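The structure appears below as structure tokens.
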Amino acid sequence: MMSDDEQLASLGKALAPVDVDEHVSQQIARRARVDLAHGPSRTRLVLPIAAIVLVASYLAWTIAKLIELLG
Amino acid sequence: MDERGWVDGLRGGDAAAFDAVFGAFRRRLYGYLVRMTRRKDVAEDLLQETFLRLAQHARTLAPDTRLAAYLFTVAHRLVVSWARAQAVRKQLAGDLPDSAEVASSARSPLEAVADSQAQLALERAFAGLAPAYREVALLVGVEGLQPAEVAAILGQRPEAVRQRLARARTQLAAALGEHYSGGRS
Numbered sequence: 012m013m014s015d016d017e018q019l020a021s022l023g024k025a026l027a028p029v030d031v032d033e034h035v036s037q038q039i040a041r042r043a044r045v046d047l048a049h050g051p052s053r054t055r056l057v058l059p060i061a062a063i064v065l066v067a068s069y070l071a072w073t074i075a076k077l078i079e080l081l082g
Numbered sequence: 008m009d010e011r012g013w014v015d016g017l018r019g020g021d022a023a024a025f026d027a028v029f030g031a032f033r034r035r036l037y038g039y040l041v042r043m044t045r046r047k048d049v050a051e052d053l054l055q056e057t058f059l060r061l062a063q064h065a066r067t068l069a070p071d072t073r074l075a076a077y078l079f080t081v082a083h084r085l086v087v088s089w090a091r092a093q094a095v096r097k098q099l100a101g102d103l104p105d106s107a108e109v110a111s112s113a114r115s116p117l118e119a120v121a122d123s124q125a126q127l128a129l130e131r132a133f134a135g136l137a138p139a140y141r142e143v144a145l146l147v148g149v150e151g152l153q154p155a156e157v158a159a160i161l162g163q164r165p166e167a168v169r170q171r172l173a174r175a176r177t178q179l180a181a182a183l184g185e186h187y188s189g190g191r192s
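Structure (structure tokens):
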């Protein structure tokens, strides 16, 4: 008796092979190679840094206000 | 070059290593994406996004990264995001039939490549599965991943994956009828 995995594997082998168009494939590879060479784009770093600066300055302002009220 | 070599190459920004990985996984990922989305254009977009993410994060890959697990995890997350966006779009559009539904009633890109009645029946049987069952059936049955790996990719418990596999197999057998030969030895 075959297991579920084995039965699904025998069905999977019978499926028609599919592939992406050659032109599209080349386009994807070309774009990805550019990203590989440059690493993550700088805009991807800007947003988290801006968020950290915003949160940190709000915290600093809150602490300063608290000290002002208590002092 | 083995998988470890490819990962080392990717970590160093080596284009040849990327090309090897792209060549090894392009068809597998596209097959998974086109059978999950049933849209050639969407599958191409998600394939591109999967490889762009690999390229963008290549330098931060762990040396022992399993590329199949990594790439199918990215592809799975993209499919989930796409499906959510589709669901929201359908809700906003009310009962109007959208272009995707109209397209799915015609011959799908997969049915076009099926070259026998049995293959056509098989494509339709896979397409008829609920997405959660279709996904495990594709990842285990077509991609040859282990249920434990699939559980990690989907963020599910291995028992849940096993349960889905059993249901997928039962539903495929019911849908295929006379074409079904699984389990006969």
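One line per chain: the protein sequences are A and B, in this order.
First residue of the first sequence: 12, per this note's numbering; consecutive thereafter.
First residue of the second sequence: 8, per this note's numbering; consecutive thereafter.
Think of the CB as a built atom: it goes at the ideal place given N, C-alpha and C, for glycine as much as any other residue.
Predicted model, so just to flag it, every value in this text is computed and none were measured.
Using a C-beta cutoff of 8 angstroms, does residue i count as contacting chain A?
i: residue 14 of chain B; result: no
i: residue 106 of chain B; result: Model confidence at residue 106 of chain B stands at a pLDDT of 49, short of 50, so the residue's coordinates are unreliable; what they give is reported in the following sentence. No, no contact with chain A.
i: residue 129 of chain B; result: yes
i: residue 25 of chain B; result: yes
i: residue 54 of chain B; result: yes
i: residue 176 of chain B; result: yes
i: residue 70 of chain B; result: no
i: residue 81 of chain B; result: no
i: residue 11 of chain B; result: no
i: residue 85 of chain B; result: no
i: residue 41 of chain B; result: yes
i: residue 32 of chain B; result: no
i: residue 179 of chain B; result: yes
i: residue 126 of chain B; result: yes
i: residue 135 of chain B; result: no
i: residue 109 of chain B; result: In this prediction, residue 109 of chain B scores a pLDDT of 45, lower than 50, which makes its location untrustworthy; no coordinate-derived value is stated.
Taking the straight line between their C-alpha atoms, what separation do you get for residue i and residue j?
i: residue 168 of chain B; j: residue 19 of chain B; result: 35 angstroms
i: residue 3 of chain B; j: residue 76 of chain A; result: Because chain B in this structure spans residues 8 to 192, residue 3 of chain B falls outside the shown range and cannot be described.
i: residue 110 of chain B; j: residue 86 of chain B; result: Annotation note: pLDDT 46 at residue 110 of chain B (below 50); position unreliable, coordinate value reported separately. Rounded to whole angstroms, residue 110 of chain B to residue 86 of chain B spans 18 angstroms at the Cα level.
i: residue 13 of chain B; j: residue 79 of chain A; result: 58 angstroms
i: residue 30 of chain A; j: residue 65 of chain A; result: 46 angstroms
i: residue 45 of chain B; j: residue 69 of chain A; result: 47 angstroms
i: residue 21 of chain B; j: residue 164 of chain B; result: 36 angstroms
i: residue 15 of chain A; j: residue 176 of chain B; result: 6 angstroms
i: residue 170 of chain B; j: residue 33 of chain A; result: 38 angstroms
i: residue 5 of chain B; j: residue 27 of chain A; result: Given that chain B is displayed from residue 8 to residue 192, the structure contains no residue 5 of chain B and the question cannot be resolved.
i: residue 40 of chain A; j: residue 71 of chain A; result: 46 angstroms
i: residue 112 of chain B; j: residue 152 of chain B; result: In this prediction, residue 112 of chain B scores a pLDDT of 49, lower than 50, which makes its location untrustworthy; the coordinate-derived value is nonetheless stated afterwards. Those two C-alpha atoms are separated by around 31 angstroms.
i: residue 70 of chain B; j: residue 15 of chain B; result: 7 angstroms
i: residue 48 of chain A; j: residue 35 of chain A; result: 20 angstroms
i: residue 60 of chain A; j: residue 97 of chain B; result: 36 angstroms
i: residue 84 of chain B; j: residue 58 of chain A; result: 22 angstroms
i: residue 35 of chain B; j: residue 74 of chain A; result: 54 angstroms
Since I believe residue j is in contact with residue i (beta carbons under 8 angstroms), could you give me their beta-carbon distance rounded to a whole number of angstroms?
i: residue 172 of chain B; j: residue 19 of chain A; result: 7 angstroms
i: residue 141 of chain B; j: residue 43 of chain B; result: 7 angstroms
i: residue 136 of chain B; j: residue 183 of chain B; result: In fact, because the Cβ distance is near 11 angstroms, the residues do not count as touching under 8 angstroms.
i: residue 195 of chain B; j: residue 149 of chain B; result: Residue 195 of chain B falls outside the range modelled here, since chain B spans only 8 to 192, and no answer is possible.
i: residue 25 of chain A; j: residue 129 of chain B; result: 6 angstroms
Is there a Cβ of chain B sitting closer than 8 angstroms to that of residue i, yes or no?
i: residue 22 of chain A; result: yes
i: residue 37 of chain A; result: no
i: residue 50 of chain A; result: yes
i: residue 75 of chain A; result: no
i: residue 66 of chain A; result: no
i: residue 44 of chain A; result: yes
i: residue 31 of chain A; result: yes
i: residue 81 of chain A; result: no
i: residue 47 of chain A; result: yes
i: residue 26 of chain A; result: yes
i: residue 40 of chain A; result: yes
Short of 6 angstroms in beta carbon distance, which residues of its chain neighbour residue i, apart from the five on each side in sequence? Order them along the chain.
i: residue 82 of chain A; result: none
i: residue 126 of chain B; result: none
i: residue 17 of chain A; result: none
i: residue 32 of chain B; result: 78
i: residue 145 of chain B; result: 39 and 42
i: residue 155 of chain B; result: 165
i: residue 56 of chain B; result: 85
Note down, in chain order, each residue of its chain lying with its Cβ closer than 8 angstroms to the Cβ of residue i, except the 5 sequence neighbours on either side.
i: residue 80 of chain B; result: 159 and 160
i: residue 13 of chain A; result: 21
i: residue 68 of chain B; result: 14, 17, 18 and 77
Within its chain, find whatever has a CB closer than 7 angstroms to the CB of residue i; leave out the 5 residues flanking it on each side and keep chain order.
i: residue 10 of chain B; result: 74
i: residue 143 of chain B; result: 157, 168, 171, 172 and 175
i: residue 66 of chain B; result: 18 and 20
i: residue 190 of chain B; result: At residue 190 of chain B, the pLDDT of 45 sits below 50, so the modelled position is not reliable and the matter cannot be decided from this model.
i: residue 147 of chain B; result: 154, 157 and 172
CB of residue i to nearest heavy atom of the ligand PLP: below 7 angstroms?
i: residue 10 of chain B; result: No copy of the ligand PLP occurs in the structure displayed, which carries no ligand at all.
So does the stretch 30-44 of chain A actually touch the stretch 17-31 of chain B, counting three or more Cβ pairs closer than 8 angstroms? yes
Three-pair Cβ contact test at 8 angstroms for the stretch 66-80 of chain B versus the stretch 32-40 of chain B: yes
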